[in-house]
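From first to last, the protein sequence lines are chains A and B. So the number in my numbering is just where the residue sits in the first sequence, counting from 1, plus 4. So the number in my numbering is just where the residue sits in the second sequence, counting from 1, plus 15. The beta carbon of each residue, even a glycine, is placed where N, CA and C say it ideally should be. A quick write-up on the structure given underneath.
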Amino acid sequence: MTPALAQFSDWVLALLPRLFIYPGGLWMLAGVLLVRLAVGGARAIGGRVWLDDLLGADLPSLAVAMSALALLPLVGASALPVPVDRWALAALLTVSLLLDTGVRNAERPSIALPACAITLAILAPLAAGDSLVALTGDYLSRAPVAFGLAVAAVLLGLAVMLWLGCTSLAGQVRGLGWLALALTPVYGDMWPAATVWVFGTAAVVWFGAGRLKTRVVREQGGLIGWALATQWLLAFLALGVSLLAAR
Amino acid sequence: MKPGTLGLVGCNLAVAGLQLLFFLPVVDGGRTLDVALWAGRPPLFRVDRLSLLFGVAWAVALALATLAAQANGKRWAWMWLVTLGLLGAAYAREPVLFYVGWEVAGVGVWLSAPPSAWATRARSRVKMAALVHGPGLALLAAIALGRVGAFVPPEGGAAQVWTLAATLLMGLAAGGRALAPALYAWMGLGAHQETPQDRWLMLAVFASTGPFLLAKALVEARWDEWGVWALTLAGTAMLLGVAAAAWRGTNSLLPLYLAAMALIGLGLAPASPMAAMGAILLVGLGAFLPLVSLLDGNEPYLRWARAATVAASVPGVWLVVQGAVEARYIVTAVVILPALMLAAYVGANRLRGGAGVSKAVLFAALLALAAIAAYPQAAVEWFARPAVGAMAGGVGASSRLVSEWGLGLVSTGPSESLTAALPATGVALAAFLAWVALYWLRGLLTAITNRAEKRLPPGSQ
Chain A
5 MTPALAQFSD WVLALLPRLF IYPGGLWMLA GVLLVRLAVG GARAIGGRVW
55 LDDLLGADLP SLAVAMSALA LLPLVGASAL PVPVDRWALA ALLTVSLLLD
105 TGVRNAERPS IALPACAITL AILAPLAAGD SLVALTGDYL SRAPVAFGLA
155 VAAVLLGLAV MLWLGCTSLA GQVRGLGWLA LALTPVYGDM WPAATVWVFG
205 TAAVVWFGAG RLKTRVVREQ GGLIGWALAT QWLLAFLALG VSLLAAR
Chain B
16 MKPGTLGLVG CNLAVAGLQL LFFLPVVDGG RTLDVALWAG RPPLFRVDRL
66 SLLFGVAWAV ALALATLAAQ ANGKRWAWMW LVTLGLLGAA YAREPVLFYV
116 GWEVAGVGVW LSAPPSAWAT RARSRVKMAA LVHGPGLALL AAIALGRVGA
166 FVPPEGGAAQ VWTLAATLLM GLAAGGRALA PALYAWMGLG AHQETPQDRW
216 LMLAVFASTG PFLLAKALVE ARWDEWGVWA LTLAGTAMLL GVAAAAWRGT
266 NSLLPLYLAA MALIGLGLAP ASPMAAMGAI LLVGLGAFLP LVSLLDGNEP
316 YLRWARAATV AASVPGVWLV VQGAVEARYI VTAVVILPAL MLAAYVGANR
366 LRGGAGVSKA VLFAALLALA AIAAYPQAAV EWFARPAVGA MAGGVGASSR
416 LVSEWGLGLV STGPSESLTA ALPATGVALA AFLAWVALYW LRGLLTAITN
466 RAEKRLPPGS Q
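Structural data, given as C-alpha cells:
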C-alpha cells in the first residue's frame with residue numbers, strides 16, 4: 005500500500021467518529037438543541053417540530069455545514085492525518101449558505117452581507133501568523149484585540165442573520181460552525197473547554213438576539229443596517245490589527 | 016409476527032452477535048485465523064477483518080429482509096439458505112468454497128421469491144437466471160483459469176494474457192453482482208425490487224457481494240500491472256454504469272449503497288490494502304483511487320520524459336509533461352469527485368425538472384470550489400522547500416495574505432506528493448458522507464411518521 009493510500013484510509017477512519025459523534029453528529033445535535041431552546045423556548049425542541057424541520061431541510065446545505073463542523077480542530081476529536089485549514093472550513097460554511105434553499109432568493113443578498121463579514125472575521129486572524137493555513141499557537145497572546153474584534157464581528161453577524169429570518173436547521177448548524185471557528189484560540193488543551201465556550205456563547209447570543217428581535221428590532225427598522233455596518237467595521241478592524249500584529 | 020419469522024430474524028441477529036463475540040478478538044490488530052476442517056489439511060476458511068465485517072453486515076441485512084418479507088407473501092423460510100450461503104462466502108478461504116457459498120445464496124433468492132413473480136414467464140426466468148448465475152459462471156471460469164495456471168504456469172506474454180483474462184472474468188463476476196439492481200430494472204425485472212425485502216436482498220446478495228469478491232480475491236493474489244489496469248477499467252466502467260442508472264432513476268438508492276460499500280472498503284485498508292483497493296475500484300466514490308493507479312502506471316514514463324526534455328532544454332515540452340504528471344490531483348479533486356456527487360445527488364433525488372438539475376449542477380460546482388479551497392495545504396509543502404522558502408523569505412506578512420493563497424492554488428501542480436490532494440478529497444468525502452447519513456435519517460423518520468399516522472383512527476388527525 006502506498007503511503008498516500010494509507011493516509012487516505014487514516015483520514016476516513018478518523019472522519020467517521022468526527023462526523024457522527026464529535027464534533028459532528030451527537031455534539032452538533034446537542035448544540036442545535038441548545039440554540040433552538042434559546043431562540044424558541046421549549047416549543048422549539050418538541051419532537052414534531054424537529055421532524056418537520058428535518059423533513060423540510062435542505063440536505064446538501066445541512067450536510068456541507070455538518071461536515072464543516074465535523075472537521076473543526078477541536079480538542080478531543082480524532083486526529084486527522086492532514087489537518088484541514090481554516091480556508092477550507094470557512095469555504096464549506098459559505099458553500100452551505102449558498103446551497104440553502106431555506107433562504108429565499110429575494111433575501112439572499114441581505115443574508116450574504118453578514119455571512120461575508122463573518123467569513124472575513126474568521127479569516128482575519130490568519131494574517132497575524134507565519135502561515136495562512138492555520139492559526140499560530142500564541143495568537144491569543146500576540147493579538148488579543150484582533151481576536152476580540154473578530155469574535156465580536158461574528159457574534160453580531162449571527163444576531164443580524166437571526167433578525168433577517170435565517171432560522172433554518174442548516175443555518176443553526178452553520179452558526180455553530182462559525183462560532184466554533186471564531187473561538188478556536190481560547191480552547192487551549194482542555195477537552196470540555198470548546199464545548200463550554202461554544203455552547204455557552206451560542207446560548208447567550210441566540211437568546212439575546214431572539215429577545216431583542218421581538219422587542220426592539222421591529223420598532224426600529226434601521227437597527228439591522230447599523231448592526232451590519234458595525235459588523236463589517238469590526239471585521240475590517242480585526243484584519244487590520246492582525247496585520248499589524250504580524251511578525 | 017409469525018413465530019417462524021421471529022425465529023429466523025432472531026437466528027440472523029444471533030449469528031451476527033456470535034460472530035462479533037468470537038471473531039472480534041481474533042482479528043484485533045489485523046490478525047487472521049485460518050481454519051482447517053481437520054489437522055494436517057489445507058485451511059478452507061479464513062477469519063479476518065474483511066470477512067467479519069461482511070459476515071456481520073449480511074446477517075443483519077438478512078434479518079431485516081426476513082422481517083420485511085412476511086408482509087408481502089414471500090417464501091421467507093428459504094432465507095436461511097441465503098444466510099448460510101453468504102456466511103460460507105464470507106469466511107471461505109478456498110475459492111471454490113467461496114463460489115459454492117455465492118451460488119447457494121443465489122439459489123436462496125430464487126426460492127424465496129414468490130412463484131408468481133417469475134415462474135409464469137419463461138423469458139423472465141431466463142433473464143433472472145442469467146443475472147443470478149451468470150456472474151457465478153464468470154467467477155468459476157476465473158477460478159478455473161487460476162487453477163490451470165498454477166499447474167501449467169504460462170510464460171512471457173502468455174502469462175500476461177492469462178492474468179488479464181482471469182482478472183477480467185473476476186471483474187465481470189463482481190460487476191455483474193454489484194450492478195444487479197440496475198440490471199434488473201434495465202432488463203424489465205423491476206418487479207423484483209419493489210418491496211423492502213427485495214431491496215435488502217439486493218443489497219446483501221448482489222450489490223455488496225461484488226465488491227466483496229474482488230476484495231477477498233485481492234487479499235490473496237498479487238496483481239501485476241496488467242491486473243491493476245484491468246481492474247481500473249472495470250471500476251471505471253462500473254462507475255459509468257452506476258451514474259447512468261442513477262440518471263435514469265432506475266434505482267435511486269444504488270449510489271448510496273455503493274457509497275456505503277466504499278466506506279467499508281476504505282475502512283479496511285490497514286488490514287488488507289488490496290482489499291480496500293478492490294472495493295474502492297468497484298464503487299463510485301473510489302474513482303479517486305482508480306485514477307491515481309491509472310496515472311501511477313504512466314508515471315515512470317512521464318518522469319523519464321520529463322528528465323529527457325529537461326536535459327534537452329525544451330522548456331515548453333517540460334511544462335506539458337510536468338502538467339500531465341501532476342494534473343491527476345486537480346482532476347481527481349475538482350472533476351471526478353464533484354461529478355460523482357452530482358450523479359449520486361441526481362440519482363437519489365430523481366430530479367426531473369430543469370430547476371432540480373440546475374440545483375444539482377450548482378451543488379457539484381460549489382463542492383468543487385470547496386475542494387479547491389482545501390488546497391492551501393499545498394502551500395505548506397511549497398514553502399517547506401528550501402529554494403522556495405528563501406524566495407519567500409523577503410515577503411512581508413501583508414503581501415503574503417495574497418501571495419501565499421495564490422501560491423497555494425498554483426503550487427498544487429508542482430507539489431510532488433499526494434498529500435496535497437488529500438484534504439481536498441477528504442473534505443469532499445466528508446460532505447458526501449454527511450449528506451448520505453442525513454438522507455437516510457430523513458427517510459427513516461419519514462417511514463416512522465407515515466407508519467404512526469396510518470395507525471391513527473380515521474378522523475383523529
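If you compare the alpha carbons of A:L187, A:S82, A:L216 with that of T205 (chain A), the shortest gap goes to A:L187. Secondary structure at V88 (chain A): coil, using DSSP grouped into helix, strand and coil. Listed along chain A, no residue sits closer than 7 angstroms to T47 (chain B) by beta-carbon distance, the nearest being about 16 angstroms off. An exposed status is given to T461 (chain B), since fewer than 16 other beta-carbon atoms sit within 10 Å of its beta-carbon.
Excluding sequence positions up to five before and after R52 (chain A), its CB lies less than 8 angstroms from no other CB in the same chain.
Contact annotation: G151 (chain B) and L102 (chain B) have beta-carbon atoms that are not nearer than 8 angstroms. Scanning chain B for C-beta atoms nearer than 8 angstroms to the C-beta of G28 (chain A) yields A449, reported in chain order.
Three or more Cβ pairs drawn from the region 156-163 of chain B and the region 172-185 of chain B lie within less than 8 angstroms of each other, which places the two stretches in contact.
Secondary-structure assignment with DSSP links F60 (chain B) through a beta bridge to B:V50, B:A107. The beta carbon of T81 (chain B) does not come within 8 angstroms of any beta carbon belonging to chain A, so the residue lies off that interface. Taking each of B:A445, B:V141, B:A78 in turn and checking the Cα distance to L28 (chain B), the smallest one comes out for B:A78. Chain-order list of chain B residues neighbouring A67 (chain A): A446, A449, W450, L453, by C-beta distance under 7 angstroms. Here the alpha carbons of A249 (chain A) and R146 (chain A) stand approximately 7 angstroms from one another.
Residue contact with chain A for R457 (chain B): present (Cβ-Cβ distance below 8 angstroms to some residue of chain A). Taking CB atoms only, P148 (chain A) has no neighbour in chain B less than 8 angstroms away. Listed along chain B are A445, A446, A449, W450, A452, L453, each with a C-beta nearer than 9 angstroms to that of M70 (chain A).
Rounded to the nearest angstrom, the Cβ distance from R46 (chain B) to R108 (chain B) is 15 angstroms, too far for a contact under 8 angstroms. The beta carbons of L19 (chain A) and A445 (chain B) sit closer together than 8 angstroms. At a cut-off of 8 angstroms between beta carbons, A242 (chain A) makes no contact with chain B. In the three-state scheme derived from DSSP, where H, G and I count as helix and E and B as strand, M194 (chain A) is classed as coil. Listed along the chain, the chain A residues whose CB falls inside 7 angstroms of the CB of T461 (chain B) are L59. The residues V71, A74, V75, in chain order, have a CB closer than 6 angstroms to that of A31 (chain B) in the same chain once the five nearest residues on each side in sequence are set aside. Taking a contact as a CB-CB distance under 8 angstroms, the pair A188 (chain B) and A153 (chain B) counts as one, their CB atoms being some 4 angstroms apart.
Chain B has a Cβ within less than 8 angstroms of the Cβ of L55 (chain A). Selection A:A213, A:W15, A:A174 evaluated against P85 (chain A) yields A:W15 as nearest (Cα-Cα). For G225 (chain B), the closest of B:A449, B:W450, B:L48, B:G149 by C-alpha to C-alpha distance is B:G149. In this structure, the beta-carbon distance from A120 (chain B) to V24 (chain B) does not fall below 8 angstroms.
DSSP, read as helix, strand or coil, puts L448 (chain B) in helix. In this structure, the CA atom of V155 (chain A) is about 25 angstroms from the CA atom of L103 (chain A). Residue environment: W230 (chain A) is assigned as exposed (fewer than 16 neighbouring CB atoms within 10 Å of its CB, all protein chains considered). A144 (chain B) counts as exposed, since fewer than 16 other beta carbons sit within 10 angstroms of its beta carbon. In summary, the residues of the region 104-134 of chain A whose CB is separated from some CB of chain B by less than 7 angstroms are A131, in the order they occur in the chain.
Taking R457 (chain B) as reference, the option from A:D57, A:M194, A:L144, A:L23 with the minimal CA-CA separation is A:D57.
A Cβ-Cβ separation of about 20 angstroms leaves A83 (chain A) out of contact with G181 (chain A) under the 8 angstroms criterion. Around P189 (chain A), no beta-carbon contact reaches into chain B at under 7 angstroms, the shortest distance being about 18 angstroms.
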